[in-house]
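Numbering (full-length UniProt numbering), first residue to last: 1 to 118.
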């Protein structure tokens with residue numbers, strides 16, 4: 001989390017929008033507690049989120065005041081268009097590299113106008 005703290009400080013200073021992926025909801029829980037402690041705005045998506053709430057969280061991430069999106073690799077890796085983000089952080093790698101590529105592909109979409117960092 002210490003390394004992530006340094007990375008996020010720099011990214012947020014320059015107004016980047018960041019997707020943070022983890023396979024483990026327990027790690028997302030730790031990150032969620034950390035972001036609340038730092039008073040950073042974020043949304044979270046994992047397998048426990050209902051379809052309706054999922055749409056609401058995606059909409060909230062579009063707002064410029066919400067720069068961080070925590071996603072479980074499985075729930076957030078497929079079918080989402082998140083081209084408003086320009087940075088992807090994979091906290092842990094999947095045993096299948098195709099799943100990581102799918103997560104990264106959330107920002108490499110039609111409409112992406114900025115350079116994407118992974």
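All residues carry an ideal CB built from backbone N, CA and C; glycine is no exception.
As the structure is a prediction and not an experimental result, all values here were calculated from the model.
So for residue i, helix, strand or coil by DSSP?
i          : result
residue 58 : helix
So, residue i versus residue j, is the Cβ gap smaller than 7 Å?
i          : j           : result
residue 66 : residue 43  : yes
residue 40 : residue 70  : no
residue 18 : residue 68  : yes
residue 85 : residue 107 : yes
residue 92 : residue 100 : no
task: Mind listing, in chain order, the continuous beta strand (DSSP E) runs of no fewer than 3 residues lying wholly within the UniProt domain "Helicase C-terminal" (3-118)?
output: 18-22, 42-45, 68-72, 87-90
message: With three or more C-beta pairs closer than 8 Å as the rule, is the segment 54-66 touching the segment 21-34?
response: no
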